[in-house]
Amino acid sequence: MANIVEFLTARLDEDEQLAKAAAVKAAGSPVYGSPDSTGKWRATNDGVFADTEYTNSPFVVDGYGFLADEIGAHIARHDPAHVLTEVTAKRLLLVMYERCVRDVDARPPVFGSASQMQILWHLVRAAAAVYDQHPDFNPAWRVE
0 MANIVEFLTA
10 RLDEDEQLAK
20 AAAVKAAGSP
30 VYGSPDSTGK
40 WRATNDGVFA
50 DTEYTNSPFV
60 VDGYGFLADE
70 IGAHIARHDP
80 AHVLTEVTAK
90 RLLLVMYERC
100 VRDVDARPPV
110 FGSASQMQIL
120 WHLVRAAAAV
130 YDQHPDFNPA
140 WRVE
């Protein structure tokens with residue numbers, strides 16, 4: 000079984016790959032990072048659109064050709080650009096946690112270092128908890 004850092008890193012890698020693929024597909028762009036695949040989406044009653052000057056048709060609509068405001072807003076809020084920013088933030092959290100673990104293991108305890116590691120441990124668990132339905136999730140990581 001993977002440790003929590005390996006588990007969360009793998010989930011973040013998956014999220015990043017899916018977000019980039021969605022940005023490319025929604026924009027009709029062949030490559031992520033091109034000006035028309037920024038990953039920003041916008042919602043209207045007509046559907047969810049890739050936020051580019053080249054895209055004039057929605058890529059998400061309901062069966063009747065429109066989309067409820069709440070559904071469109073939710074989808075657009077979790078656009079690829081948002082997901083990629085969240086992935087970056089969680090990766091930074093993992094870097095801080097791993098540094099803290101390394102520092103605590105490498106030298107005598109310093110005032111606050113153990114409590115910093117505890118705080119980071121709980122933050123890493125909270126970040127991993129959103130993937131609690133994944134088959135590799137360890138129930139011991141669950142936040143209660």
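Residue numbers are given in numbering that gives the first Met the number 0: position 138 of the sequence shown equals residue 137, and the series is strictly consecutive. C-beta: ideal position from N, C-alpha, C; glycine also. If you're wondering where the values come from, they're calculated on a predicted model, not measured in any experiment.
When DSSP labels each residue in this structure, what does residue i get in the three-state scheme?
i	result
Val86	helix
Phe136	coil
Gly71	helix
Ala1	coil
Val123	helix
Asp14	helix
Asp78	coil
Leu66	coil
Tyr96	helix
Arg141	coil
Ala131	The sequence given here places Asp at residue 131; Ala does not occur at that position. Reduced to three states, the DSSP call for Asp131 is coil.
Going by C-alpha to C-alpha distance, which of the options sits closest to residue i?
i	options	result
Glu85	Tyr96, Val47, Asp12	Asp12
Asp78	Asp102, Val94, Gly38	Gly38
Asp68	Ala88, His81, Asp45, Asp50	Asp45
Glu143	Asp135, His133, Val129, Ala26	Val129
Gln16	Ala26, Glu5, Val82	Val82
Gln117	Met95, Ala49, Leu66	Met95
Lys19	Ala1, Ala49, Glu5	Ala49
Using a Cβ-Cβ cutoff of less than 8 Å, which residues in the same chain neighbour residue i once the five nearest sequence positions on both sides are dropped?
i	result
Ala75	Trp40, Arg41, Ala42, Val47
Ala92	Note that residue 92 is Leu in the sequence shown, not Ala. Cβ neighbours of Leu92 beyond the five flanking positions: Leu119, Leu122, Val123, Ala126.
Ile3	Val123, Arg124, Ala127, Asn137, Trp140
Lys89	Leu7, Leu11, Ala126
Asp135	Met0, Ala1, Phe6, Ala9
Leaving out five residues before and five after residue i in sequence, what residues of the same chain have Cβ atoms less than 7 Å from its Cβ?
i	result
Ala21	Pro79
Asp131	Arg141
Phe110	The predicted model places Phe110 with a pLDDT of 49, which falls under 50 and marks its position as unreliable; any figure quoted below should be read in that light. Within the same chain, Phe110 has no close Cβ partners at all.
Asp14	Val82, Val86
Short of 6 Å in beta carbon distance, which residues of its chain neighbour residue i, apart from the five on each side in sequence? Order them along the chain.
i	result
Cys99	Gln115, Met116, Leu119
Ala72	Ala42
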